[in-house]
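A.B. asks:
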Amino acid sequence: MEKSNAPQKDLVDKVLTNEYIKLEELQTPGDFNVDEFLVSKRYLGLDGLEETLYRKCEELNDELLQYISNNYQKFVSMGTKMHQATEKIQTLLSQVDRLKQELQNLNSLSLEKQNSLQLSLEEKKKLNQQLAECTDLQTLKDNLELLASIKCNRGLWFTTLREANLLCEKYEHIPWVSNVKTELKTFQKTASL
């Protein structure tokens, strides 16, 4: 076997020249699979792997510090903006709470008005019923006066008598109408003679 005169690289030389651990593998985006990485470097040894990872950690720390240093003003500005946004949110939340309270007050007022309106409508309905009753009773009174003033042989007289009888039946619960019934019976007797 021929020996080459080129110096052979030992494991330490390979590690130091990144032949064994390629730093690009650590920088690839996406999921980093620790098991695959360790299996591919199994011949390196624990000390070599530890030293390489330690150097990579230092580089990342330096890179992060450099990034923060380069973008310090942006970080400070972002913090200020976040604080201002928090203040705006608090202001908006207090306004929302105030609006909720106003809505609750308006709902309560609306319910009160609705109840008041309902009572007014019921009262109006009762008044309309009483008005209709009074109108019917006035019509009954007018019919009685008409029956007394005209002769019983006319068609109007019989129509008036029929209407008066219907009104008496409708309002028989009123004492005055009970007295009118006797008058109507007298008119009916007169008509049959």
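In my numbering, the protein residues as written are 647 to 839.
Ideal Cβ placement from N, Cα and C applies to all residues, glycine included.
Predicted model, so just to flag it, every value in this text is computed and none were measured.
Mind checking K649: buried by the 16 CB within 10 Å criterion, or exposed?
C.D. replies: Only weak support exists for where K649 lies, its pLDDT of 48 falling under 50; the value from the coordinates is given anyway. Label assigned to K649: exposed.
A.B. asks: Alpha carbon to alpha carbon, what distance is there between E768 and S762?
C.D. replies: Taking the straight line joining both Cα atoms gives about 10 Å.
A.B. asks: The alpha helix (DSSP H) with H729 in it runs from where to where?
C.D. replies: H729 -> alpha helix (DSSP H) spans 718-795.
A.B. asks: For L812, report the span of its alpha helix (DSSP H) as first-last.
C.D. replies: Element bounds for L812: 801-816.
A.B. asks: Rounded to whole angstroms, what is the Cα-Cα separation between E696 and V722?
C.D. replies: Looking at the two C-alpha atoms, the distance is approximately 36 Å.
A.B. asks: Would you mind sorting T805 into buried or exposed? The rule is 16 or more other CB atoms within 10 Å of its CB.
C.D. replies: So T805 ends up on the exposed side.
A.B. asks: Can you tell which of A810, W803, Q719, K759 has its C-alpha closest to the C-alpha of Q784?
C.D. replies: The residue with the shortest Cα to Cα distance from Q784 is A810.
A.B. asks: If we count the other Cβ atoms within 10 Å of its Cβ and call it buried at 16 or more, is W863 buried or exposed?
C.D. replies: Nothing can be reported for residue 863, as the shown portion of the chain is limited to 647 through 839.
A.B. asks: Please report the distance separating the alpha-carbon of L684 from that of E705.
C.D. replies: The alpha-carbon atoms of L684 and E705 are separated by roughly 20 Å.
A.B. asks: Within 10 Å of its beta-carbon, does C703 have 16 or more other beta-carbons around it, so buried, or fewer, so exposed?
C.D. replies: Answer is exposed; the Cβ neighbour count stays below 16.
A.B. asks: Can you look up A652 in the DSSP assignment and give me helix, strand or coil?
C.D. replies: Since pLDDT at A652 reaches only 49, below the 50 mark, its modelled position is unreliable, and the value read off the structure follows with that caveat. Looking at A652 - three-state DSSP - the assignment turns out to be coil, as it is neither helix nor strand.
A.B. asks: Roughly how many angstroms separate the alpha carbons of L807 and E779, rounded to a whole number?
C.D. replies: When rounded, the distance between both Cα atoms is 19 Å.
A.B. asks: Ignore the nearest five residues each way along the sequence and tell me which others in S824's own chain have a CB closer than 8 Å to its CB.
C.D. replies: Counting only Cβ-Cβ distances below 8 Å, and skipping sequence neighbours, we find E818.
A.B. asks: Look at the Cβ atom of L790, then the Cβ atom of L813, and state whether they are nearer than 7 Å.
C.D. replies: The answer is no: Cβ separation not under 7 Å.
A.B. asks: Suppose you measure from the CA of N717 to the CA of L711; what does that come to, to the nearest Å?
C.D. replies: For N717 and L711, the distance between alpha carbons rounds to 10 Å.
A.B. asks: Let me know the secondary structure DSSP gives K827 once reduced to three states.
C.D. replies: The answer is helix: DSSP assigns K827 an H, G or I state.
A.B. asks: In three-state DSSP terms, what is I714?
C.D. replies: DSSP places I714 in helix when its eight states are reduced to three.
A.B. asks: Using the three-state DSSP reduction, which class does K687 fall into: helix, strand or coil?
C.D. replies: Three-state result, K687: coil.
A.B. asks: Roughly how many whole angstroms lie between the Cα atoms of Q736 and D708?
C.D. replies: Their backbone Cα atoms lie some 38 Å apart in a straight line.
A.B. asks: Smallest Cα separation from K831: which of A731, L793, I820?
C.D. replies: The shortest C-alpha separation from K831 is found at L793.
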